[in-house]
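A.B. asks:
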Amino acid sequence: MSTEQRVVKVVQGLLARQKRSADAMNAKTLLYAGGLGFDSLAAAELSTLLEMEFGKDPYSDGKVPQTIGDIVGYYDASPADKK
Amino acid sequence: MIGPALLRAAREAPGAVFLLGADGATTYADAAHKALRVGSLLKARGISRLACHALDSPKLVMLMLGAALVGCEVCVINRHYGHAELESVLKRFEFTMLAADSSIQVEGVTVLSIDALFADAAAMTPPPLSEPHADPRLLVLTTGTTGLPKGARYTWANLSAQAKTKSDLAGSRWLLAYHLNHFAGLQMLVHVLANRATMVIPAGPEVEQAQRALVEHHVEYVSGTPTFFRFLAAQMPESVSKSLALKQITLGGEAVPQDLLGLIHERFPSAKVSQIFATTEIGSAFSVRDMSNGLPASLLEKKDENGPQIKIVDGELHILSTHGMLGYFGEPEITGPVWRATGDLVEQRGDRVYFVGRKSETINVGGVKVHPLPIEEVVQNVPGVVAVYCYGKKNPITGQIVAVDVLPEATADRVALEEEIRRACESLARHAQPRIIRFVESLDMANRKVIRRGQ
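Top to bottom, those sequences are chains A and B.
Residue 13 in this note's numbering sits at position 13 of the first sequence, and the numbers go up by one each step.
In short: position in the second sequence from 1, add 1000, done, that's this note's numbering.
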């Protein structure tokens, strides 16, 4: 599975918990207002889910990704634990 | 007073059984005889402060009472402490003498074998029955479920003053379901002695051993933590639990969820249930028997000089302590009644005061304060959940988020159970909904309470 596929899977999992349909998404999909609509609580949960999937997460590193692509870019730039 | 009470019981009811352990029965006369001897030995050796690191046993009880008889301050340390924890506690509370039931060695501390102490005491010339010490002390360590244990200084007299006596309790059988290092275990000891009842001591620290002692020795009274009873109900076949001749179950030490009261009523139908509110610092404050969780708000209006008095200050329960500790180790002594904060956060809803969590455990989710106990209650009610622990997990965005560790039934389908838990938690405010649900094989315990430390 590519990094992007793994990230998309994590985000879809979060949407499913919120009982929202997991629409098709791509690297350009915005995470917050105007996109998936995540608020701070959802972002907090996303950071934890990413940490569980990859062993680290961009938010804890002080980054605030705006898109799916930003998250993918973070992991591609600093390879995380492979599962 | 503990020493005179023991000597009086030995004179007036010498053959009555005081302690029932794995190795047989000890009568009040036996116990007084051995306690006097071992106490005299401590005195002869000039030991005025003694720490004990031993499993609960009749010998440990007699050593503690022997120390009390001669005015030697005693402190029982959690037997589950490993070497490093033991060493740190001994140093912090300045103990240089340790009685142990193992061959443990600690630098700077003289370690005495408990068996050897009793053997030496037996070989002594019987000491004269002189007056017991007037004001013996003890040091009671707090559970430390939320940090390092603190040392609460007590007089045996204040501890004994909390015990209620009733004439029909003579000869009744009580299970020691707390450990003797724990305040509630000591309360049990003074209560049994004051009533000339029998204390049944399980062969070991596991719930299973307590269960066996309960059945074998026809125990009538059990006082334990909600966690203890939850595990007891989970392990004990219903046919056995329903056939027990239990007269009373007393819950204490942790907040009592409503579902547990129902479970206890169903599994132990013969037992009356009471909930006791006590802390190491305050002592035993009051009990309620109305089979509901929380406290009746009417307690807030009670201004009875002799009864318990409580008040709520900034959401925290405060209690007027009349026979509590003298103070923490290293602090000045306070005698007489004193208001003490309990660290328990409460909310008054209608005519009830509910416990919502410990002050130190409040979870801060993006500035919103979330209390763990109401969340635990929701999760606990999901079929398939044996036990649950809720805590705050560090988070870079909101500071903390709510996480739960869940001990599932062995046969539970974990995927389906997680979904059920999430569905049940939809009834909670969004910030309080657990964001992390982790299934665990066991929950850490200290003194049969779930260890509560956030991550």
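Cβ coordinates follow ideal geometry from the N, Cα and C atoms, glycine included.
1. What residues in its chain sit with their C-beta under 7 Å from that of residue 1402(B), if we drop five residues either side in the sequence?
2. Excluding the 5 residues flanking residue 1190(B) on each side, which residues of the same chain have their C-beta closer than 7 Å to its C-beta?
3. Strictly by DSSP, which residues pair up with residue 1297(B)?
4. Of the residues 1408(B), 1042(B), 1417(B), 1076(B), which one's Cα is nearest the Cα of residue 1140(B)?
5. How many Å lie between residue 1379(B) and residue 1279(B) at the Cα?
6. Secondary structure at residue 1005(B), three-state DSSP: helix, strand or coil?
7. According to DSSP, is residue 1040(B) part of a helix, a strand, or is it coil?
8. Give, in chain order, every residue of the stretch 1381 to 1403 of chain B whose Cβ lies closer than 8 Å to some Cβ of chain A.
9. At a CB-CB cut-off below 8 Å, which residues of chain B make contact with residue 48(A)?
10. So, with DSSP's three-state summary, where would you put residue 1383(B)?
11. Is residue 1065(B) helix, strand or coil when you go by DSSP?
12. Show which residues of chain A have a CB atom less than 7 Å away from the CB atom of residue 1431(B).
13. What are the complete alpha helix (DSSP H) segments, minimum 4 residues, inside the stretch 1114 to 1192 of chain B?
14. Starting from the N-terminal side, write out each stretch of the beta strand (DSSP E) that is 3 residues or longer and does not extend beyond the stretch 1247 to 1294 of chain B.
15. Return the residue from the list 1395(B), 1263(B), 1321(B) that minimises the CA-CA distance to residue 1281(B).
16. Please confirm whether any heavy atom of the ligand FMN lies closer than 7 Å to the CB of residue 15(A).
17. For residue 1071(B), I'd like the list of residues in its chain whose CB is within less than 6 Å of its CB, leaving aside the five on either flank, ordered along the chain.
18. By the three-class DSSP mapping on this structure, what secondary structure does residue 1236(B) have?
19. Using DSSP's beta-bridge definition, name the partner residues of residue 1344(B).
20. If contact is defined by three or more beta carbon pairs under 8 Å, each pair taking one atom from either stretch, is the stretch 1166 to 1175 of chain B in contact with the stretch 1216 to 1231 of chain B?
21. Going by DSSP, name the residue or residues bridged to residue 1392(B).
22. At a cut of 8 Å, does the stretch 1054 to 1063 of chain B reach the stretch 1179 to 1187 of chain B through at least three beta carbon pairs?
23. Tell me, please, which residues DSSP counts as bridged to residue 1438(B).
24. What is the DSSP secondary structure of residue 991(B), counted as helix, strand or coil?
25. Taking 8 Å as the CB-CB limit, is residue 1319(B) close to chain A?
26. Taking 8 Å as the threshold (beta carbon to beta carbon), is residue 17(A) in contact with chain B?
27. Does any C-beta atom of chain B lie closer than 8 Å to the C-beta of residue 69(A)?
28. Helix, strand or coil for residue 1339(B)? Go by DSSP, reduced to three states.
29. Taking only beta carbons into account, state which residues of the stretch 1341 to 1357 of chain B come closer than 7 Å to chain A, listed in chain order.
30. Run through DSSP, which three-state label would residue 1025(B) get?
31. Just confirm the distance between the C-beta atoms of residue 1387(B) and residue 1407(B), as a whole number of angstroms; I'd bet it's less than 8 Å.
32. Check the Cβ-Cβ distances between residue 87(A) and every residue of chain B, and say whether any is below 8 Å.
33. Is the Cβ-Cβ distance between residue 1063(B) and residue 1099(B) less than 8 Å?
34. Go ahead and label residue 1255(B) buried or exposed: buried means 16 or more other beta carbons lie within 10 angstroms of its beta carbon, across all protein chains shown.
35. Helix, strand or coil: which one does DSSP assign to residue 1375(B)?
36. Identify the contact partners of residue 1024(B) in chain A, using a Cβ-Cβ distance below 8 Å as the criterion.
C.D. replies: Let's see:
1. 1363, 1365, 1370, 1375, 1390, 1392, 1432, 1433, 1434, 1435
2. 1002, 1159, 1160, 1163
3. Residue 1297(B) pairs with nothing; no bridge assigned.
4. 1076(B)
5. 26 Å
6. helix
7. helix
8. 1393, 1395, 1396, 1397, 1398, 1401
9. 1393, 1395, 1401, 1435, 1436
10. coil
11. helix
12. 41
13. 1114 to 1123, 1156 to 1161
14. 1248 to 1251, 1272 to 1279, 1283 to 1288
15. 1321(B)
16. Absent from the structure shown: the ligand FMN. Ligands present: none.
17. 1133, 1136
18. coil
19. 1358(B)
20. yes
21. 1402(B)
22. yes
23. 1405(B)
24. Because chain B in this structure spans residues 1001 to 1455, residue 991(B) falls outside the shown range and cannot be described.
25. no
26. yes
27. no
28. strand
29. none
30. strand
31. 4 Å
32. Residue 87(A) lies beyond the range of chain A shown here (1 to 83); nothing can be said about it.
33. yes
34. buried
35. helix
36. Those do not exist, as residue 1024(B) stays about 54 Å from chain A at its closest Cβ, beyond 8 Å.
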